[in-house]
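Residue numbers (my numbering), protein chains in the order written: chain A, 1 to 113; chain B, 1 to 113. Where a beta carbon is used, it is the ideal one built from N, C-alpha and C, also for glycine.
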DNA sequence: CAGCATCCTGGGCGATACTG
DNA sequence: CAGTATCGCCCAGGATGCTG
């Protein structure tokens, strides 16, 4: 089962449900744990830490533990991660351009049930 | 929980495990059912037809049934679908550019277990 | 060849409670 | 605040067999 296009590779990195969104938020500035939780809207702590670990292990983000009390940890995108975030950009724009269209389709879908 | 970036919208369309890859193949020419199955490498028929239905319902692809016997059905990308495929392009290229890197990381990962 | 009907399983995801 | 520890659901995805 040899690869077809680069998508299979990319999907290994951003496969998780929240990873693309996390990456999006991280590309602007480093974020703290709670900040990411708030920004992502609805992610559980367990899943958040899980996905952040994946991203860290994959060299997409860096974890900075300031060893303070109360705890303060920041997650920062790496240069490598930034290239991935850039590749995600068009998809993000596509979504924005089609947000209303998607809503309309959903409404139509609901009506036809 | 209002939307953050366009990614959430895009993910509703290409959320399925195989959809990005299917879209990739369809962007070049219409494909028959069996052809897609072969090209995608490893997808089951049930899942394939399922994802194709999703894509059809979302206006991403068109289904042409030639009503022949033996059956002949072709799936063709729509103009709308093409815009999505284009938005996927950079991600695809990113994957190609990082294929070897990903392999190396995987090897290193295996060694360290 | 294209596709439906079934049954089944894993693990991704979520909710909650607790700790340093 | 930033996690860890459990528990459990649920369904996307897979395997197999059958039909027009």
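Leaving out five residues on either side along the sequence, give the residues of the same chain with a beta carbon under 6 Å from the beta carbon of residue i.
i, result
"residue 77(B)", "26, 27, 61"
"residue 33(B)", "73"
"residue 94(A)", "none"
Quick check: is the beta carbon of residue i nearer than 8 Å to any beta carbon in chain B?
i, result
"residue 104(A)", "no"
"residue 61(A)", "no"
"residue 30(A)", "no"
"residue 26(A)", "no"
"residue 88(A)", "yes"
"residue 99(A)", "yes"
Counting only C-beta atoms, is residue i closer than 8 Å to chain A at any point?
i, result
"residue 93(B)", "yes"
"residue 84(B)", "yes"
"residue 47(B)", "no"
"residue 69(B)", "no"
"residue 21(B)", "yes"
Residues in the same chain with beta-carbon distance under 7 Å from residue i, minus the five sequence neighbours each way, listed in chain order, please.
i, result
"residue 13(A)", "58, 60, 84"
"residue 65(A)", "73"
"residue 63(B)", "56, 73, 75"
"residue 114(A)", "Shown here, chain A extends from 1 to 113; a query on residue 114(A) therefore has no answer."
"residue 20(A)", "14, 88"
Output needed for residue i: all residues of its chain with C-beta closer than 8 Å, excluding positions within five of it in sequence on either side, in chain order.
i, result
"residue 82(A)", "27"
"residue 24(B)", "85, 88, 92"
"residue 10(B)", "84, 87"
"residue 96(A)", "none"
"residue 7(B)", "none"
**OP:** Count the CB pairs spanning the segment 47 to 55 of chain B and the segment 40 to 53 of chain A that are closer than 8 Å, and state whether there are at least three.
**Re:** With the cut-off at 8 Å, the segment 47 to 55 of chain B and the segment 40 to 53 of chain A do not touch.
Original post:
Which residue spans inside the segment 17 to 62 of chain A form an unbroken alpha helix (DSSP H) run of at least 4?
Top reply: 19 to 26, 33 to 40, 45 to 57
Subject >> the segment 86 to 99 of chain B touching the segment 61 to 71 of chain B, judged by at least three CB pairs closer than 8 Å >> reply: no
**OP:** Using a Cβ-Cβ cut-off of less than 9 Å, give me the residues of the segment 2 to 17 of chain A that come near chain B, in sequence order.
**Re:** Under the 9 Å Cβ criterion, the segment 2 to 17 of chain A contributes 2, 3, 4, 5, 6, 7, 8, 9, 10, 11, 12, 13, 14, 15, 17.
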